[in-house]
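In our numbering, the protein residues as written are 1 to 325.
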């Protein structure tokens, strides 16, 4: 009977529990040319804690007003947990590259964007490459020809006739492989393709030695805060002025800040870590904006930090320069 009770308590459910995570100081995570940021205060990236649900953890989560039970489908989509983690790891690396690029541009430091290959994000079950290509594979050749950019890859496929055979050269775990398949008519899109979702994998070539220590953290949502920390270090501008500044949001190569999930938990983590300012994306959407969700959470939890809406990194820089201690 005891074994049955224990089994019921710990048997995994098709849900995840999302709750406030951490707010980590970026001056302990990022170095430029081997040096850390020594200015007073800190920029902080915020996280949510996500754990697989079972009866026991669901019961314990009832004692946390900010914990939320989320269906597994809403977290993983059509991916399994291993594929989801690989995608999140890619998203983290991509956010670093975008942050490096925008910070270098703002600081007027030269760089070169290098295309390394075409990252596989998903493979449809109707694709002839199903179970041949996997999430995380890095495509580098099409029919023996080197191809490192996703736009070129997709446009080439669209010009090929239905049922034509092709080979894809890719890298997996450091080993070069080749997969054979054929062109199909993509459902709903009504055009030629292979049923594989891809995105560019890039790196930024610069004389600056920029390093991140983000072991154990994945996803794209630290892009804005990475950018602010790097810009402050590269330009040697003291944007913090002794303040602890947290926030969240993706960043693209134009400096636009994108929406993320779990922001109502991240603002709680920021307050707990001592942040006095929290930057939140404020883009037009059908429902509530990230900023509105963060502000509601701050009010509900009686937080003292200031939630600041931003649409671009320049919005955040302008706020810090205008609102000084």
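The C-beta atom is built at its ideal place from N, Cα and C for all residues, glycine as well.
Exercise for the section: Assign residue 196 to one of three DSSP states: helix, strand, or coil. Expected result: Locating residue 196 in the chain shown gives position 196, counting from the first residue. Residue 196 falls in the strand class under three-state DSSP.
Handout entry: Cβ neighbour criterion (16 or more within 10 Å) applied to residue 335
Key = Lying before the first or after the last residue shown, residue 335 is absent from the chain, which here runs from 1 to 325.
Problem - Spatial distance of residue 58 from residue 249 (CA atoms) - result: Position 58 of the chain shown, counted from the start, is the residue given in the question as residue 58. Position 249 of the chain shown, counted from the start, is the residue given in the question as residue 249. The alpha-carbon atoms of residue 58 and residue 249 are separated by roughly 28 Å.
Practice task
Count the other CB atoms, across all protein chains shown, that sit within 10 Å of the CB of residue 290; report buried if there are 16 or more and exposed otherwise.
Solution key: Taking the first residue of the chain shown as 1, we reach residue 290 at position 290. When all chains shown are included, residue 290 counts as buried.
Handout entry: Beta bridge counterpart(s) of residue 293 as assigned by DSSP
Key = On the chain shown, position 293 is the one that residue 293 refers to. Answer is none; residue 293 lacks a bridge partner.
Problem - 3-residue-minimum beta strand (DSSP E) runs that sit fully inside the segment 151-230, ordered along the chain - result: 165-172, 175-182, 196-205 and 210-212
Exercise for the section: May I ask you to verify whether the segment 23-42 touches the segment 231-249, counting CB pairs closer than 8 Å and requiring at least 3? Expected result: yes
Handout entry: Where the beta strand (DSSP E) containing residue 49 begins and where it ends
Key = Numbered from its first residue, the chain shown carries residue 49 at position 49. Run containing residue 49: 42-54, per the beta strand (DSSP E) assignment.
Exercise for the section: Run the CB neighbour count on residue 281, radius 10 Å, all protein chains shown included, and call it buried at 16 or more, exposed below. Expected result: Along the chain shown, read from residue 1 onward, the residue named residue 281 stands at position 281. It is buried - the Cβ of residue 281 has at least 16 other Cβ atoms within 10 Å.
Handout entry: Beta-carbon separation (whole angstroms), residue 168 vs residue 192, contact threshold 8 Å
Key = Against the chain shown, residue 168 aligns to sequence position 168. Against the chain shown, residue 192 aligns to sequence position 192. Between residue 192 and residue 168 the Cβ distance is about 15 Å, and since that is not below 8 Å, they are no contact.
Handout entry: Inter-residue spacing [alpha-carbon to alpha-carbon] between residue 25 and residue 117
Key = On the chain shown, position 25 is the one that residue 25 refers to. On the chain shown, position 117 is the one that residue 117 refers to. Those two C-alpha atoms are separated by around 32 Å.
Exercise for the section: Enumerate in chain order the residues of its own chain whose CB-to-CB distance from residue 129 is below 8 Å, with the five nearest sequence positions on each side excluded. Expected result: Along the chain shown, one-based indexing puts residue 129 at 129. Hits under 8 Å: 123, 168, 179, 181, 194, 195 and 196.
Practice task
Return the chain-ordered list of same chain residues with a C-beta closer than 6 Å to the C-beta of residue 307, the five sequence neighbours on each side being excluded.
Solution key: Residue 307 sits at position 307 when you count from the first residue of the chain shown. Closer than 6 Å at Cβ, skipping near neighbours: 278, 280, 294, 295 and 298.
Problem - Through-space distance from residue 63 to residue 44, alpha-carbon basis - result: Sequence index remark: in the chain shown, residue 44 carries index 44 (1-based). Sequence index remark: in the chain shown, residue 63 carries index 63 (1-based). Residue 44 and residue 63: Cα-Cα distance of roughly 27 Å.
Problem - Neighbourhood of residue 242 by C-beta, 7 Å cutoff - its chain only, sequence neighbours within 5 removed - result: Along the chain shown, read from residue 1 onward, the residue named residue 242 stands at position 242. 40, 41 and 325, listed in sequence order.
Problem - Pair within 7 Å by beta-carbon distance, residue 18 and residue 68 - result: Here residue 18 refers to the residue found at position 18 of the chain shown. Here residue 68 refers to the residue found at position 68 of the chain shown. Contact: yes.
Exercise for the section: Give a yes or no on contact between the segment 260-272 and the segment 138-154, applying the rule of three or more CB pairs nearer than 8 Å. Expected result: no
Practice task
Figure out for me which residue from 47, 96 and 88 has the closest Cα to the Cα of residue 210.
Solution key: As a position in the chain shown, residue 210 is number 210, starting the count at 1. Checked all of 47, 96 and 88; the closest Cα to residue 210 is 96.
Problem - CA-to-CA distance, residue 90 to residue 47, given in whole angstroms - result: For this step, residue 47 is matched to residue 47 along the chain shown. For this step, residue 90 is matched to residue 90 along the chain shown. Looking at the two C-alpha atoms, the distance is approximately 17 Å.
Exercise for the section: Reducing DSSP to helix, strand and coil, say where residue 33 ends up. Expected result: If you number the chain shown from 1, residue 33 lands on position 33. It is coil, neither helix nor strand.
Exercise for the section: Over the uninterrupted alpha helix (DSSP H) stretch that includes residue 265, give me the two end residues. Expected result: Here residue 265 refers to the residue found at position 265 when the chain shown is read from its first residue. Its alpha helix (DSSP H) spans residues 263-272.
Handout entry: Neighbour-count burial assignment, residue 98, 16 or more Cβ in a 10 Å radius
Key = As a position in the chain shown, residue 98 is number 98, starting the count at 1. Residue 98 is buried by the Cβ-count criterion.
Handout entry: Start-end ranges of the beta strand (DSSP E) lying completely within the segment 76-133, minimum 3 residues
Key = 112-123
Exercise for the section: Ignore the nearest five residues each way along the sequence and tell me which others in residue 223's own chain have a CB closer than 6 Å to its CB. Expected result: For the purposes of this step, residue 223 is identified with residue 223 of the chain shown, where counting begins at 1. Excluding sequence neighbours, residue 223 sits near 95, 98, 99, 250 and 251.
Problem - residue 275: first and last residue of the uninterrupted beta strand (DSSP E) it sits in - result: To locate residue 275, count along the chain shown from 1; it is residue 275. Here residue 275 belongs to no beta strand (DSSP E), and DSSP marks it neither H nor E.
Practice task
Kindly list the residues whose CB is nearer than 7 Å to the CB of residue 275, restricted to its own chain and excluding five residues on each side of it in sequence; keep chain order.
Solution key: As a working mapping, residue 275 is identified with position 275 in the chain shown. So the qualifying residues of the chain are 23, 44, 244, 245, 246 and 305.
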